[in-house]
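These notes are about the structure you will find just below.
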């Protein structure tokens, strides 16, 4: 039996180059995705909850309606970056792990089989955007790339919270099936995403008040970050084999 639509912030992650790995390595990487994402959320004070769904090479989480979007965009991403950097120092090339991450929010509906909704589709299509994949490939020192929707950028990023590093976001075309808008991309550790295509006709983004360019060397831990636990090591190498709106929903941007 389906539920009424409910507003949720949506987190989607996807592992780069997942399908090219062996089956046993894919299983290992899935475990690491859940471990590192879970640890980053805990360190950032964000409750992931139980409303999640596996996507094979990644997963999505539907967070509580009042989950702090600024912390999700800032502290969580910082801890996620550090967790991935720590993993990379121990990992073999076969078990390398880099993530694409998308953030959105909106109404979703669930039943006994899982979750559905236009906003969930949007978040999942955003994480698979070709320009996002190309950006992560171009940013060779990065461990992740973040994409947010236009709505998320307007309500969260543009407000100038320094912890989200607003000046490091750049707009890109977001065209996928029924979606025809723009999104915003950030590569933690870079002042701006490398090698983005030119977007003729796009207005210049308004500067966030009091913002500054992104800084920090790749892999530098955020303040207060704890120890990453549970990585299996053999000779220093990780085993790779093993708003209430007007549509009847409860949106609250």
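In our numbering, the protein residues as written are 9 to 261. Heads up, the beta-carbon is just placed ideally off N, CA and C, and yes, glycines get one too. All of these numbers come straight from a predicted model, not from anything done at the bench.
> Do the CB positions of residue 192 and residue 161 come within less than 8 Å of each other?
Replying inline: yes
>> Report the CB separation of residue 88 from residue 16 in whole angstroms; it is logged as a contact under 8 Å.
In response: No, residue 88 and residue 16 are not in contact; Cβ-Cβ is about 19 Å, not under 8 Å.
> Under the three-state reduction of DSSP, which class applies to residue 61: helix, strand or coil?
Replying inline: strand
> By how many angstroms is the C-alpha of residue 115 removed from the C-alpha of residue 11?
Replying inline: 11 Å
> Roughly how many angstroms lie between the CA atoms of residue 173 and residue 82, to the nearest whole one?
Replying inline: 8 Å
> How long is the line joining the alpha carbons of residue 146 and residue 124, rounded to whole angstroms?
Replying inline: 33 Å
> Which of helix, strand or coil does DSSP assign to residue 71?
Replying inline: coil
> Could you check where the alpha helix (DSSP H) with residue 156 kicks off and where it finishes?
Replying inline: Not the alpha helix (DSSP H): residue 156 falls in the beta strand (DSSP E), residues 152-157.
> On the three-state DSSP scale, how would you describe residue 240?
Replying inline: The pLDDT assigned to residue 240 is 36, lower than 50, so where the model puts this residue is not dependable; a value taken from the coordinates is nonetheless given after this. Residue 240 falls in the coil class under three-state DSSP.
>> Quick check: the Cα distance between residue 86 and residue 31, rounded to an integer number of angstroms?
In response: 30 Å
>> Taking DSSP's pairing of strands, which residues face residue 135 in a bridge?
In response: In DSSP, residue 135 forms no bridge with anything.
> For residue 54 versus residue 80, is the C-beta spacing smaller than 8 Å?
Replying inline: yes
> Which partner residues does residue 118 have in the DSSP bridge list?
Replying inline: 123
> Which word fits residue 58, buried or exposed, when buried means at least 16 other C-beta atoms lie within 10 angstroms of its C-beta?
Replying inline: exposed
>> According to DSSP, is residue 99 part of a helix, a strand, or is it coil?
In response: strand
> Should residue 62 go down as buried or exposed, given a rule of 16 or more other Cβ atoms within 10 Å for buried?
Replying inline: exposed
> Who are the near neighbours of residue 182 in its chain, counting only those whose CB is closer than 7 Å to its CB and skipping five residues on each side?
Replying inline: 134, 137, 189, 190, 191
> Where DSSP assigns a beta bridge to residue 21, which residues make up the other side?
Replying inline: 67, 109
>> Let's test the definition: count the other Cβ atoms within 10 Å of the Cβ of residue 127 and tell me whether it reaches 16, buried, or not, exposed.
In response: buried
> On the three-state DSSP scale, how would you describe residue 29?
Replying inline: coil
> Just to confirm, are residue 203 and residue 107 a CB contact at a threshold of 8 Å?
Replying inline: no
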